[in-house]
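Have a look at the structure below, then the notes.
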Amino acid sequence: MTELELRDLRKTYRSRGRPSVDAVRGLDLALRSGELLGLLGPSGCGKSTTLRMIAGLETVTGGDILVGGASVIERPAQRRNIGVAFENYALYPPLTVAENLAFGLKARKRSARGDVSRKVAEIAERVDLTALLDARPAGLSSGQKQRVSLARALIREPDVLLLDEPLSHLDAAQRDTTRRELKRIQKDLGHTTILVTHDQEEALSLADRIVVMKDGVIQQLGTPYEIYDSPANLFVADFVGEPAISLLPGVATDDGHARLSDAARIALPMPVAAGREVVVGIRPEDLRLTSDDGIAARVTAHEPLLESGIATLALDGVDTPLVVLTEPEVRLAHDEHVRVAADVRLTHVFDAETGDSLR
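Residue 40 in my numbering sits at position 37 of the sequence shown; the count goes up by one each step and never skips.
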């Protein structure tokens, strides 16, 4: 198992006649040996560019990449011993699964024929591909193709494993199954791994720690619980969580509340200077419908689901809707008047100007 470190890693794209684009802006990151780290963010945030620089598929503008304490910045991709499972699988259609797995080993001429066959059989058993070794990619499902792509990256016994949107082409059922298999395989083999994804559920369920990126900059690094329960800023709070957090602009008052409108106020979890403009964030599961206290609201939509319901509420004088998870047996009518209360201990408060958390 090997550590991976990024030091002030930068990537700037330049083209004649156009402004330069800073895709990655001074990334500092250290992965522990055997850790699975998720790079999470929207399209264009720099996560895939970061992965490609680590793999040696993209030139580096500045900074350094260390694997096991040694810089690999000057090594070509084939000499970095980094395995990559690509989003589009990148399989060779004319070759069988076994031939796809063996191709990289044969190309490097590092293994005898018998050794290649043994490694193919071992990795196929690890990822449940033994029965498919004679099949060709055209006859495989998306989930099976993804397992072949993963196996091909693993068969090299890489120091670092990179997974580029590994579940993006799978349907919901395949995604759940493959996600569990992926986590089991990574923990069994202990590879230091980076998972690039825009899917928060994928990152939250698979990663030991998560980096949330925006515009080539790390917004927050932490465990899934830290990212979800203690977002560093408005971007992280809004990007992570489904249903999304409700973000309500307001002004702090001298009695420990935020005034959202003339008719709506909400208690704050800590003192904030009176008159300071804030944004109050409340996750849907931290709200409850109540009959005797809380804020008056009007139901604009209610989706009764199997395990819970999702109610969208309008507060008097507040433009931003409030989303609440309801008990599965609750039924709410359009325009019905209700009262809603928040768990003040779990309420988030952000500075309206900087977007940074005040907790």
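Don't be surprised by glycine CBs; every beta carbon is placed ideally from N, CA and C. These numbers were taken from a predicted model, which means no experiment stands behind them.
- The three-state secondary structure of Glu306, taken from DSSP, is strand.
- Counting the other CB atoms within 10 Å of its CB gives Asn103 a total of 16 or more, which places it among the buried residues.
- Listed as beta-bridge partners of Leu157 by DSSP are no residues whatsoever.
- Residues of the same chain with a CB within less than 8 Å of the CB of Val119, apart from the 5 flanking positions on each side, are Ala105, Leu108 and Lys109 in chain order.
- In this structure, DSSP gives Leu43 an extended state, which the three-state scheme calls strand.
- Rounded to the nearest angstrom, the Cβ distance from Gly72 to Glu6 is 7 Å, consistent with a contact under 8 Å.
- Between Ile298 and Arg362 the beta-carbon gap is near 21 Å, outside 8 Å, which marks them as no contact.
- For Thr64 against Thr15, the beta-carbon gap comes to about 5 Å, under 8 Å, which counts as contact.
- The count of Cβ pairs closer than 8 Å, one atom from the stretch 74-92 and one from the stretch 32-46, stays below three, leaving the stretches out of contact.
- In the three-state scheme derived from DSSP, where H, G and I count as helix and E and B as strand, Pro331 is classed as coil.
- Residue environment for Arg178: buried (at least 16 other C-beta atoms within 10 angstroms of its C-beta).
- A contact is defined here as three or more CB-CB pairs under 8 Å, and the stretch 277-289 meets this definition with respect to the stretch 255-262.
- In this structure, the CA atom of Asp174 is about 10 Å from the CA atom of Thr180.
- With the rule of 3 Cβ pairs closer than 8 Å, the stretch 351-361 does not count as touching the stretch 326-335.
- Distance from the CA atom of Leu30 to the CA atom of Ala138, rounded to whole angstroms, is 42 Å.
- Counting the other Cβ atoms within 10 Å of the Cβ of Ala267 gives 16 or more, which makes it buried.
- By the criterion of at least three beta-carbon pairs nearer than 8 Å, the stretch 181-199 is not in contact with the stretch 10-26.
- Rounded to the nearest angstrom, the gap between the Cα atoms of Gly284 and Lys186 is 32 Å.
- In this structure, the beta-carbon distance from Ala317 to Arg301 falls below 8 Å.
- In terms of Cβ geometry, Ala270 and Val347 form a close pair [threshold 8 Å].
- In the same chain as Ala58, and ignoring 5 residues on each side of it, the C-beta atoms closer than 8 Å to its own belong to Ala80, Arg83, Ile85, Val87 and Leu165, in chain order.
- Our two residues, Gly358 and Asp265, have alpha carbons roughly 24 Å apart in a direct line.
- The beta carbon of Glu90 sits closer than 8 Å to the beta carbons of Asp167, Glu168, Pro169, Ser171 and His172 from its chain, once the five residues preceding and following it are set aside; these are given in chain order.
- By the 16-neighbour rule on beta-carbons within 10 angstroms, Met56 is buried.
- A straight-line Cα-Cα distance of about 10 Å links Asp211 and Arg35.
- Counting only residues of its own chain and dropping the five nearest sequence neighbours on each side, Gln149 has a CB closer than 8 Å to the CB of Ala88, Tyr92, Pro169, Leu170, His172, Leu173 and Thr181.
- Counting along the chain, the unbroken alpha helix (DSSP H) around Leu237 starts and ends at Leu237 to Phe242.
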